[in-house]
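A short write-up of the structure that comes next.
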Amino acid sequence: MRQLLIAFLLLFAAPSWAETRDPANHFFQPKFGDLQADLQEARKQGKQGVFLFFEMDDCPFCERMKNTILNQAEVQDAYRARFLLYPIDVNGDTAMNDFQGKETTEKAFAFAHRVRATPTLLFFDLDGKLVTRHTGPSKDKAEFLLLGKYVTEGAYTTQPFVRYKQGK
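Quick note: the sequence shown uses numbering that gives the first Met the number 0, first residue 0, plus one each step.
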């Protein structure tokens, strides 16, 4: 009976198991606080842009995304292949330079980009131009991967993400 139960679990439960890794080390890259230099690095690495994850301490939706989506190896690999990935603390006083090289703080940068809720996901092209904004958590891994595909395909130039999602 025990062997039958193990066989059943391996057969039916295994496909839902996914490799997970700490998002702090495997999704986000170390940030040096210079987004202008990051654009140069993104170009050098052949990336399509920069992804910023605006968060704050004690945000349950940010934590849910980190623990259920950003920790997935498939998500980490897909996003790291296309973007440089950085977290931004909407309440942070950490000094940084924006995409134009202007000195600011994380908090002021978030305010300047109208980030009023967390998480807010912003995608910037290689010129530092905002191309896609998604406010709130993704519902699951599939939706988050689709959001990345929406940006990399350039679908944001012709339709909102909601319509793109409906067509998939």
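For every residue, glycine included, the Cβ atom is placed at its ideal position computed from N, Cα and C. Owing to the predicted nature of the structure, the values given are computational and were not obtained by experimental measurement.
- Query: Expressed to the nearest angstrom, what Euclidean distance is found between the alpha-carbon atoms of K101 and V89?
  - Reply: 18 Å
- Query: Can the beta-carbon of F123 be found less than 9 Å from the beta-carbon of G32?
  - Reply: no
- Task: Express the C-alpha separation of D56 and G147 in angstroms, rounding to a whole number.
- Result: G147 and D56: Cα-Cα distance of roughly 25 Å.
- Local conformation of G48 per DSSP, three classes: strand
- Alpha carbon of D21 to alpha carbon of L84, nearest angstrom: 14 Å
- Message: Which runs of the beta strand (DSSP E) at least 3 residues long sit entirely within the segment 115-153? Give them in chain order.
- Response: 119-123, 129-134
- Item | Test: A41 CB closer than 9 Å to a CB of chain B | Looking at the structure shown, chain B is missing, and only one protein chain is on hand.
- Starting from M168, trace the beta strand (DSSP E) both ways and give me its first and last residue. Because the chain is modelled from 0 through 167, residue 168 falls outside the range shown and cannot be assessed.
- Between A41 and N96, is the Cβ-Cβ spacing less than 9 Å? no
- Query: In its own chain, which residues sit with a C-beta less than 6 Å from the C-beta of Y163, not counting the 5 before and 5 after it?
  - Reply: Y149, A154
- Task: Could you tell me how far apart the beta carbons of T19 and N70 are, in whole angstroms, since I believe they sit closer than 8 Å?
- Result: 5 Å
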